[in-house]
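Going by the numbering used here, the final residue of the sequence shown carries number 363, and the count climbs one at a time with no gaps.
For each residue, glycine too, the CB sits at the ideal point set by N, CA and C.
Quick caveat: nothing in here was measured; it's all calculated off a predicted structure.
One structure is given here, and the rest of the page talks about it.
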Amino acid sequence: MHIPEYSQIVSPLCLVTCKKNIFQWGPEQQQAFAQIKQEIAHAVALGLVKTGPELKNVLYSAAKTNGLSWSLWQKAPGETRGLPLGFWSRNYRKSKAIYTPTKKEILVAYKGVQAASEVIGTEARLLLAPRQPMLG
Numbered sequence: 228m229h230i231p232e233y234s235q236i237v238s239p240l241c242l243v244t245c246k247k248n249i250f251q252w253g254p255e256q257q258q259a260f261a262q263i264k265q266e267i268a269h270a271v272a273l274g275l276v277k278t279g280p281e282l283k284n285v286l287y288s289a290a291k292t293n294g295l296s297w298s299l300w301q302k303a304p305g306e307t308r309g310l311p312l313g314f315w316s317r318n319y320r321k322s323k324a325i326y327t328p329t330k331k332e333i334l335v336a337y338k339g340v341q342a343a344s345e346v347i348g349t350e351a352r353l354l355l356a357p358r359q360p361m362l363g
């Protein structure tokens, strides 16, 4: 099981658990805690990677204000959504937080292709899509 955008959801919780920070539980931490509990209850199982010319590997990416997220899906003919193969997310590091929206989109596409190639290999065809699919 994996939770999309995990790092963005739990970042308020990580801030209060760092040694250098004073532990201060507020509304932001409470909201993050409630959201992660909800996400855990509805987590999606990842599928096994299959090969074949009829299968399409689709990489969805999103560059948001607080971080990057991307997911890899595999669709067989006749399927509308497909099976999730992986989800990734991370917060921006240092200077990348002030990148322009275009640079952030390029960064998330690059990181997504890197991660996807580790799952499906570099020989597989990959379609890029600009948004995350809805899981519900």
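With at least 16 other beta carbons inside 10 angstroms of its own, L286 counts as buried. L312 counts as buried, since at least 16 other C-beta atoms from the protein chains shown sit within 10 angstroms of its C-beta.
When the Cα atoms are used, W300 and A290 turn out to be separated by approximately 18 Å. Residues of the same chain with a CB within less than 7 Å of the CB of Y326, apart from the 5 flanking positions on each side, are L334 in chain order.
Short of 8 Å from the beta carbon of L354, and not among the five residues preceding or following it, lie these beta carbons of its own chain, in chain order: K283, N284, V285 and L286. Under the three-state reduction of DSSP output, A303 falls in the coil class, being neither helix nor strand. In the three-state scheme derived from DSSP, where H, G and I count as helix and E and B as strand, G253 is classed as coil. Residue pairing by DSSP places R317 opposite L295 in a beta bridge.
For V340, the enclosing alpha helix (DSSP H) begins and ends at P328 to I347. Around the beta carbon of L275, fewer than 16 other beta carbons lie within 10 angstroms, which makes this residue exposed.
In this structure, S316 and S296 form a Cβ contact; the two beta carbons are roughly 4 Å apart against a cut-off of 8 Å. For E281, same chain residues with a beta-carbon under 8 Å away, outside a window of 5 residues either side, are A303 and P304 in chain order.
Excluding its 5 nearest sequence neighbours in each direction, G339 has C-beta neighbours in its own chain below 6 Å: L286, S288 and W297, listed in chain order.
Using a Cβ distance threshold of 7 Å, G294 and Q341 do not count as a contacting pair.
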